[in-house]
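Asks: Sharing a structure here in structure tokens format.
Protein chains: 8
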Amino acid sequence: MDRKEISNLLHSLKGGQIEIDEVLERLKHLPFEDIGCATIDHHRSLRQGFPEVILGQGKTVAQIEEIMAAMIDKASNVLVTRLEKRKAARIRQGFPLSFYHGDARCLTLEQKPVEVTGKGTVLVVSAGTSDIPVAAEAIVTARMMGNEVQHLYDVGVAGIHRLLARRELLLAASVIIVVAGMEGALPSVVAGLVARPVIGVPTSVGYGASFGGIAPLLGMLNSCAAGVTVVNIDNGFGAAYAASLINRE
Amino acid sequence: MDRKEISNLLHSLKGGQIEIDEVLERLKHLPFEDIGCATIDHHRSLRQGFPEVILGQGKTVAQIEEIMAAMIDKASNVLVTRLEKRKAARIRQGFPLSFYHGDARCLTLEQKPVEVTGKGTVLVVSAGTSDIPVAAEAIVTARMMGNEVQHLYDVGVAGIHRLLARRELLLAASVIIVVAGMEGALPSVVAGLVARPVIGVPTSVGYGASFGGIAPLLGMLNSCAAGVTVVNIDNGFGAAYAASLINRE
Amino acid sequence: MDRKEISNLLHSLKGGQIEIDEVLERLKHLPFEDIGCATIDHHRSLRQGFPEVILGQGKTVAQIEEIMAAMIDKASNVLVTRLEKRKAARIRQGFPLSFYHGDARCLTLEQKPVEVTGKGTVLVVSAGTSDIPVAAEAIVTARMMGNEVQHLYDVGVAGIHRLLARRELLLAASVIIVVAGMEGALPSVVAGLVARPVIGVPTSVGYGASFGGIAPLLGMLNSCAAGVTVVNIDNGFGAAYAASLINRE
Amino acid sequence: MDRKEISNLLHSLKGGQIEIDEVLERLKHLPFEDIGCATIDHHRSLRQGFPEVILGQGKTVAQIEEIMAAMIDKASNVLVTRLEKRKAARIRQGFPLSFYHGDARCLTLEQKPVEVTGKGTVLVVSAGTSDIPVAAEAIVTARMMGNEVQHLYDVGVAGIHRLLARRELLLAASVIIVVAGMEGALPSVVAGLVARPVIGVPTSVGYGASFGGIAPLLGMLNSCAAGVTVVNIDNGFGAAYAASLINRE
Amino acid sequence: MDRKEISNLLHSLKGGQIEIDEVLERLKHLPFEDIGCATIDHHRSLRQGFPEVILGQGKTVAQIEEIMAAMIDKASNVLVTRLEKRKAARIRQGFPLSFYHGDARCLTLEQKPVEVTGKGTVLVVSAGTSDIPVAAEAIVTARMMGNEVQHLYDVGVAGIHRLLARRELLLAASVIIVVAGMEGALPSVVAGLVARPVIGVPTSVGYGASFGGIAPLLGMLNSCAAGVTVVNIDNGFGAAYAASLINRE
Amino acid sequence: MDRKEISNLLHSLKGGQIEIDEVLERLKHLPFEDIGCATIDHHRSLRQGFPEVILGQGKTVAQIEEIMAAMIDKASNVLVTRLEKRKAARIRQGFPLSFYHGDARCLTLEQKPVEVTGKGTVLVVSAGTSDIPVAAEAIVTARMMGNEVQHLYDVGVAGIHRLLARRELLLAASVIIVVAGMEGALPSVVAGLVARPVIGVPTSVGYGASFGGIAPLLGMLNSCAAGVTVVNIDNGFGAAYAASLINRE
Amino acid sequence: MDRKEISNLLHSLKGGQIEIDEVLERLKHLPFEDIGCATIDHHRSLRQGFPEVILGQGKTVAQIEEIMAAMIDKASNVLVTRLEKRKAARIRQGFPLSFYHGDARCLTLEQKPVEVTGKGTVLVVSAGTSDIPVAAEAIVTARMMGNEVQHLYDVGVAGIHRLLARRELLLAASVIIVVAGMEGALPSVVAGLVARPVIGVPTSVGYGASFGGIAPLLGMLNSCAAGVTVVNIDNGFGAAYAASLINRE
Amino acid sequence: MDRKEISNLLHSLKGGQIEIDEVLERLKHLPFEDIGCATIDHHRSLRQGFPEVILGQGKTVAQIEEIMAAMIDKASNVLVTRLEKRKAARIRQGFPLSFYHGDARCLTLEQKPVEVTGKGTVLVVSAGTSDIPVAAEAIVTARMMGNEVQHLYDVGVAGIHRLLARRELLLAASVIIVVAGMEGALPSVVAGLVARPVIGVPTSVGYGASFGGIAPLLGMLNSCAAGVTVVNIDNGFGAAYAASLINRE
């Protein structure tokens, strides 16, 4: 296509409809349009069900509103993550069709229904009650990105039978996101039970020598079960994003 | 199937071909065979091209030889990782069909040809010359697990054009493993260019404030590009294992 | 008893068999003998099956031999921990009755048979093959301290069914020592299965973000299963010592 | 027993009172009931005096109330730990028989009197005034779990005579929990004085290079006195739980 | 000059206009005046366009006002950094000519127009929206120190084409300050593109394993691109100060 | 003396004025009285000008008041450190003779004038304005402990001439306390200039890679100038206490 | 120029000397040639006196020789850093004109005399004798990059007069590289004395709480003197490279 | 004196025996001679019994020999610390009067008998056998610096009575150096027993979570006993140097 565009340009030049200087001028930015191509391709694939995403943290309400407005013009669905309740309330006044997911601290705006494009199910597993907010962020994200999503809560390794009792769910999933704080051992156990890609999300839940999530982060990085990859502490969004890419393959 | 097996057992009991005590004895291990089921299933999927794997580090030559012998009996292919040259030489005397990949520090033994079962290509990208051993471990592993593998070496972010010049390779891959030391920025750049799952492998290459790989590990965990997941420092095997699971989906 | 000893002293004084100066001289060390009382009591309980212990690390062969000689004079059994093979060979020349446990890096010398004084069984569980040396140190120590000891090797959480299949062993133990590297999750799973005191021993086995055992140490400290206490990295001896105290109660 | 239950099932099958499909259906969940067995056994032992426990931290008032209501239905005693005063006040409105221990930040609800099932005394020792909240959590927990509890406050190592003067208390205890911040040296001194299991609890009290409790945590892990095991920073509950298991043996 | 001053003193002595004691007294402080000389020279160069600088953090409003008053007496321009909005409002009441830069958290007071003394342009590049406050501090500082300043915002490495599209700006700069959080990879990419001194400023923006800016700090220190130097986390001022010194050379 | 006391006791026994049982009873507590002796001796030396000290942090107003009341009964002077302004105000209502040093966050109560018992001068040097609170704590403490105290503020190493200009003060001191944040280099420079004991106090002042005082703490521990010893971050009290002990020798 | 090249291409097309397909083919790689442009420009500026650089660490002798051979073909000067003596000896056999700087662990090969292109002097200052290897690496690098270089050794802050005595040297430099281990305070003092860009290089010299150079690294990042930027621990090369860029401006 | 020297100079000028230019020339270096003065004074006090000191670590035999030769010319005593046995043997060949202290890894050369100039006794206390090398370095250093030295070995806090039994020694000391690894609690206990300056030296002895001495370092910094100051890990020399300065006061 790009090749075609350039080809057209050259034909115009050869045909005399355009001057060399103009061609030069237009070629000047070509490389980046071309690289942009990759990016556009990237965006295109995103647009096939992937929403535009705004990291709410560290942005003012005004900044978020401005970006949202620009996105809506392109008819995109929008996902705002890490958005405090207070900010969300103000934003929803200007975007009444948006919806705030309190547990996930996410705001979504669906201009068109999310089309399910993922091939299988993304399963979100969490170890304890306090890991639920991070799990919820993963769920909202995965849904907005066109995946069937299921979840399994409160199945920590200290009561391993709770997990074993639900292994049908594990076996049925295409990708499994495992959210855990404390010692972060759940991804190892899950990856030992099923031959599926497992993405571990350490959470900052805990106290003392948890060190804000370092304990489960190290636990997951040192998993004795092959097949586990890891994202940043509390990064439910990142896990769901990677899971969506996997579920597309 | 398992159900079928038990069903048969019960029919035999009802039919009088078998005694209650024998049923009890065989059922005694059922729960674990059943759980083992998941494991067997897991193993089965592994056996569909996945080799048996031995972590060579921390094991004696005698231990490795014993495990290899047991595996060979089951006609499996075998992959031994993190194996020192010196140990490999001794092992190869007993297993003359095995092959030692010096750069990857891996020994492989193929009793049957590796069947390509992965749907797409696994691409292994590395930033610098010194990251090659870890990249090589990933390549050997991915090949042994039934994937088409390609690689792209020495495309660090300080000369970004080297990477951009090969973006066709990036776009053609199903999963991309990115191996990098130093600041570990390459996965971010790659994930920004293509909409594919990217698995980052930080390496312990570097000095000073690299802290044996902590710098690139943190860099990858904090990647500004969504879609990047991370494995342990120098864990080329783990990255390739996860990539293989993804490539099967 | 001590009171009795002093009482006798005072009676001798009153009866004129001993001078005030001599009493003073003997009383001079009394306070510490008295405090020593606690210590003697401590030693007494130790002597009821507990061997004298020497930390071999950081001591020369000559130092160890000198201490051993003094202990043997008191007819004690002796346990030397963290002793390199090379040093052990030299020591055994002078103490031919001693025995070197190569896997545990311990030397033992039994002048009298170890009497079993522990009430129940100490079970030593380990996650992987490379954790065995630390587990072996715990086993040798617990045996020398008068406990029935059993062990369960290679039951890491990535293949959870291996552990579940042996739960009779877990249920039969009085105290369980769990040795694990990697993510250190095994103590949590064990403590979730049985209502017994579980002592976790993180090992320095692993690489990369294991950081010489920090990962499993943090994992165990943050265990989601109540009832787990932890000792220093690789401290099989300390775990067995604590288990012995518990098994006496 | 389980074996018996299955045996009965098989006899019924053989005797024709039950169909194969029904047996299959009931066997389907057997593994987990069986594993659940271990868990039930675990719960049973807990119920023999052990209360149900809720970690208050990170849960809403509504969540806690819901869990408490379910527990009360089973006639259990309840212990809620790490509960802020403000939340406790609201909960107590719905559960007027509950009691809030302000210093320990625990809420207890005793539907039946706690039966003393521990064989000996659990002694809680603390180093400084600011360690008392953590010590208090340990005391409330140990009491709720059926132990005789005694405590010894403000006996830090800088005034070692204060501790020595109370060694009778130390000698009389079955298990000793030692709570200390600063350099965390008290467990070493206590374990040097008596031959009892000592559980160290580092506290986050202190400033500067205490690093929120890392200093005493490392101090306790590196204790020069054998017999010391350690729990997470500020984890008075965990120490008391482990002490209760030990006191049962 | 100093030499001249002393020479005059000595001539006065030789000429009898002054006593030896007075000379001694005046020479007494000479060393420090002399060393002060270096400092004065330093100050002089500063005064050639460099403002007086006050670190607002950790100072009371009263302290800042007092220092500002003293500086104004010397007709200096003044820059107060890390000043909270609330404090700034109070200070501006007393110094109505001062101006508060909210995004940069800096207050400036220009008694005389800032003279551009830098030879080239200082370019401030930032990776994400949340890095802007630190970038703004660098911009305000560099302007107050007599530099032409340009900036380039939101050109993070995950969308590398955004940066490439502006490489004319990069090539036109004399010194480039690159502000980035997350993995801190932007300085490496920039330094790979242009042969200019690049000063990296890691920011504390991010969460989880960013650890308050450690991740980008390590990333920049381990930059695979030569020519990158680094300042403290969030230290936009320090980067601009160093850039100003470089731009003077 | 102690010996004499026991000797008297024994003479009384021999002389028949006292019974063996009574001697036994009195000897029973001897060790601790004796150890207490050391403590009493310790206290005595403290009372020679040293005030009683209460660490205010982590104590309630009621607790502090109770301890103060007990101390006042013994006619001691009192020093309360790390006391918030709000708490101090409430305490001063009950102890109107007490005085609150706002900058040092200390409350002092002098029942008798502090007698100067130190042999020389304690000099407190601080690097920057924000280090003053810690320096002030050291000054108040040293004064209350009977020392002549002088101070030198704002002489950081970036303007080394400021320090050199006051070297008479440095040379005149018996002990020098150096308070510094940032890179913590001032103690090295001071110890290089004078042959006096230098006690470094790192402060938590700073931001970014200061890590709450770790940077200056490490700086001082690694001082290239012999003669520097270090106390905890922000521990002005501890430095002054140690300086007082030195100034007594 | 690139523009000119494309212009020629287009003229040829318009003039009919070349076909559209050929133009397309040649334009296909244009973007990267164009980006390469920046790189080429970068290389060009490097070639104006800058040698080609090989990081010797982590490369085999064969790899280094291969790269050197390729560089020599382009008539470049070559600098190999972090090269062990043993490897250097072998390389010098193949490249007899190369020279090995033992103290700096660098090998240089000058095919043409290094032209001095830097405008001023680069001064390398080091604190202690053990910092000299890192300083030497900086000196060799700076010389190879076309700078006049001077050095000042053994002027640590514990004997501040040694530094003050040479301030003429400091004042005469364009850029100052300060190499220091221990507390890393020397850059602060130097930057306080002169208004020049100062680049700090922390070294891994030291022991204990130096932590392999973390102490001086943190010290330099927290420098109280503005104008200090920092490179990685032991990175003498990086400092000299940045200094060379500055000295060109 | 310096004043006198300058005064003489000025009198010569006034008296015409000398020219202004010559005075200027001689005054030119005055400042530094003057600062040197402080240093000379420092050296002078050192020379009153203090030896010249060379840090052997990181220096070649040739470098050490050269420095020693220069020192011997000034008739100084010499102390070389951290010197490996192998290097010492070679040095002793050239300096046959020198003596190598193997346990302390120090070489001493006494040209004149060390004069005892310290007022009291420096007591060196160590916790365990493996801490002895560091203690020995402190002892050799303190002796060479003119102090009466005594030591007390193997009195760790796990057997507190061993320390209490020697409290006369503690009470008799002027300054106490306490060397300890593990949890580093010994300085706290010692400082609680006697009112003397206590200098803690953490050692790198230990394993696992000792982290090369971080555990005892933090323990000592957080000592609950006032009066403890700390030096770097394993820095026996630094502790003895500081103790010598204190013992002079």
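Residue numbers (the numbering used here), protein chains in the order written: chain A, 17 to 265; chain B, 17 to 265; chain C, 17 to 265; chain D, 17 to 265; chain E, 17 to 265; chain F, 17 to 265; chain G, 17 to 265; chain H, 17 to 265.
Virtual Cβ for every residue (Gly too), placed ideally from N, Cα, C.
To test your reading of the DSSP string, which unbroken beta strand (DSSP E) runs of 3 or more residues are found completely within the segment 111-187 of chain G?
Replies: Within the segment 111-187 of chain G, the complete beta strand (DSSP E) runs of at least 3 residues fall at 115-117, 122-125, 137-142, 164-168.
Asks: Quick one: any contact between the segment 143-156 of chain D and the segment 117-134 of chain D, if contact means 3 or more CB pairs under 8 Å?
Replies: yes
Asks: On the criterion of 16 or more Cβ atoms from any shown chain inside 10 Å, does Ala115(D) qualify as buried, or is it exposed?
Replies: Walking along the fourth sequence from the start, residue 115(D) turns up at place 99. Here the sequence assigns Phe to residue 115(D), which means Ala is not the residue at that position. Label assigned to Phe115(D): exposed.
Asks: Sort out for me which residues DSSP pairs Gly32(A) with in a bridge.
Replies: Numbered from 1 along the first sequence, position 16 holds the residue referred to as residue 32(A). Under DSSP, Gly32(A) takes part in no beta bridge, so it has no partner.
Asks: Looking at Pro213(E): is its Cβ nearer than 7 Å to the Cβ of Val195(E)?
Replies: Position 197 of the fifth sequence, counted from the start, is the residue given in the question as residue 213(E). Position 179 of the fifth sequence, counted from the start, is the residue given in the question as residue 195(E). Their beta carbons are not under 7 Å apart, which means Pro213(E) does not touch Val195(E) by this criterion.
Asks: Quick one: which chain A residues come within Cβ less than 9 Å of Tyr169(E)?
Replies: Walking along the fifth sequence from the start, residue 169(E) turns up at place 153. None at all; the shortest Cβ gap to chain A is about 12 Å.
Asks: When Cβ atoms are compared, which residues of the segment 19-34 of chain F fall closer than 8 Å to chain D?
Replies: none
Asks: Is any heavy atom of the ligand FMN found at a distance shorter than 6 Å from the C-beta of Ala174(E)?
Replies: Inclusion of the ligand FMN in the displayed structure is not the case, the ligand content being empty and no account of it being possible.
Asks: Hey, how far is the Cα of Ile51(B) from the Cα of Leu179(C)?
Replies: As a first step, residue 51(B) is located in the second sequence; it is residue number 35 there, counting from the start. As a first step, residue 179(C) is located in the third sequence; it is residue number 163 there, counting from the start. Note that Ile51(B) scores a pLDDT of 35, beneath 50, so its modelled location is shaky and nothing firm can be said.
Asks: Using a Cβ distance threshold of 8 Å, determine whether the segment 204-212 of chain C contacts the segment 232-247 of chain B, with at least three qualifying pairs required.
Replies: no
Asks: Indicate whether the contact test is met: 3 or more Cβ pairs, each with one atom in the segment 96-105 of chain G and one in the segment 70-79 of chain G, closer than 8 Å.
Replies: yes
Asks: Any beta carbon of chain B sitting closer than 7 Å to that of Gly254(G)?
Replies: Here residue 254(G) corresponds to residue number 238 of the seventh sequence, with the count starting at 1. No - not a single Cβ of chain B is within 7 Å of the one on Gly254(G).
Asks: Terminal residues of the continuous alpha helix (DSSP H) containing Ile262(C)?
Replies: For this step, residue 262(C) is matched to residue 246 along the third sequence. Residues 252-264.
Asks: What are the start and end residues of the beta strand (DSSP E) that includes Ala196(F)?
Replies: In the sixth sequence, counting from the first residue as 1, residue 196(F) sits at position 180. Here the beta strand (DSSP E) through Ala196(F) covers 191-196.
Asks: I need the DSSP call for Glu81(G), collapsed to helix, strand or coil.
Replies: Numbered from 1 along the seventh sequence, position 65 holds the residue referred to as residue 81(G). Three-state DSSP puts Glu81(G) in a helix.
Asks: Is there contact between the segment 241-254 of chain B and the segment 217-224 of chain C, where contact requires at least three CB pairs shorter than 8 Å?
Replies: Touching, yes, given that three or more Cβ pairs across the two stretches are closer than 8 Å.
Asks: What does the alpha-carbon distance come out to for the pair Met160(D) and Tyr169(D)?
Replies: The residue given as residue 160(D) occupies position 144 in the fourth sequence. The residue given as residue 169(D) occupies position 153 in the fourth sequence. In a straight line, the C-alpha of Met160(D) is about 20 Å away from that of Tyr169(D).
Asks: Could you check whether the Cβ of Ala242(D) sits closer than 7 Å to any Cβ belonging to chain C?
Replies: Sequence index remark: in the fourth sequence, residue 242(D) carries index 226 (1-based). Closer than 7 Å: yes.
Asks: Can you give me the Cβ contacts of Leu113(H) inside the same chain, cut-off strictly under 7 Å, excluding the 5 residues immediately before and after it?
Replies: The sequence position of residue 113(H) within the eighth sequence is 97, counting from 1. Hits under 7 Å: Leu125.
Asks: One question on the structure: do Ala104(A) and Leu123(A) come within less than 7 Å of each other, judged by their Cβ atoms?
Replies: Reading the first sequence from its first residue, position 88 is the one you call residue 104(A). Reading the first sequence from its first residue, position 107 is the one you call residue 123(A). The Cβ atoms of Ala104(A) and Leu123(A) lie closer than 7 Å to each other.
Asks: Take Glu164(H) and list the residues in its own chain whose beta-carbon comes closer than 8 Å to its own, dropping the five residues that flank it on each side.
Replies: As a working note, residue 164(H) is residue 148 in the eighth sequence. Cβ within range, chain order: Val132, Gly134, Gly136, Thr137, Val138.
Asks: Terminal residues of the continuous beta strand (DSSP E) containing Gly216(B)?
Replies: The residue you call residue 216(B) lines up with position 200 of the second sequence. That run of the beta strand (DSSP E) goes 214-218.
Asks: Compare the C-alpha of Tyr257(G) against each of Ile107(E), Gly31(E), Cys240(E) and name the closest.
Replies: The residue you call residue 257(G) lines up with position 241 of the seventh sequence. Considering only alpha carbons, the answer is Cys240(E).
Asks: Tell me Glu68(D)'s beta-bridge partners as DSSP assigns them.
Replies: For the purposes of this step, residue 68(D) is identified with residue 52 of the fourth sequence, where counting begins at 1. Its beta-bridge partners are Val94(D).
Asks: Helix, strand or coil: which one does DSSP assign to Leu237(G)?
Replies: For the purposes of this step, residue 237(G) is taken as residue 221 along the seventh sequence, with counting starting at 1. In the structure shown, Leu237(G) sits in a helix (DSSP, three-state: H, G or I).
Asks: For the segment 213-232 of chain H, list every residue whose C-beta sits within 7 Å of some C-beta in chain C, in sequence order.
Replies: Val221, Tyr223, Gly224, Ala225
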